[in-house]
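Residues in the sequence shown are numbered from 81 upward in steps of one, following our numbering. Presented below is the structure to which this report refers.
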Amino acid sequence: MKTIFTACTLLFSIVGFTQTDLLSQHKADPQAKEEAKKKIESIRQDILSGKIDFATAAKTYSMDPGSASQGGSFTNIPRGTFVPEFETVVWSAKEKIVSDVFETNFGYHILMVDAKRGDTIDVRHILIIPK
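In structure tokens form, the structure reads like this:
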């Protein structure tokens, strides 16, 4: 298998996963996808209700091994770096507002923009991968 090392996969900390691993997320069975979606919706509600802050939720629940320990944080990221679905949500989001749940090939996400500076952004995200 070919290991993928693109900017998008580096940002999502999938270094070392194979192309097949990434594509298999898109083929997860419907029940696994529904469970993952319910889990991230529950996490989002806990953040919105104040039960947990975003950074702590990312450290506790995010399945992104590269950003979870940093509270889900990506800093100083230029426009055009993320996968298209993430890019659409991140650049349309208002600062300090938790996004709705959205899906990419990696799984289900929520995000919160910390700061926008022209064409760079600081953002936190939580990823739940269907198993």
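Just so it is clear, CB atoms sit at the ideal spot from N, CA and C, and this is done for glycine as well. What you are looking at is a predicted structure, and each value in this text was computed from that prediction instead of being measured.
* Asked: Looking at the unbroken alpha helix (DSSP H) that takes in Asp126, where does it start and where does it end?
  -> Pro110 to Leu128
* Roughly how many angstroms lie between the CA atoms of Gln150 and Val203, to the nearest whole one? -> 11 Å
* Asked: Does the segment 108 to 118 come close enough to the segment 161 to 180 that 3 or more CB-CB pairs lie under 8 Å?
  -> no
* Among Ile208, Ile190, Trp171 and His205, which residue has its Cα nearest to the Cα of Arg197? -> Trp171
* To do: Sort Lys113, Ala195, Pro158 and Ile190 by Cα distance to Arg124 and report the nearest one.
  => Ile190
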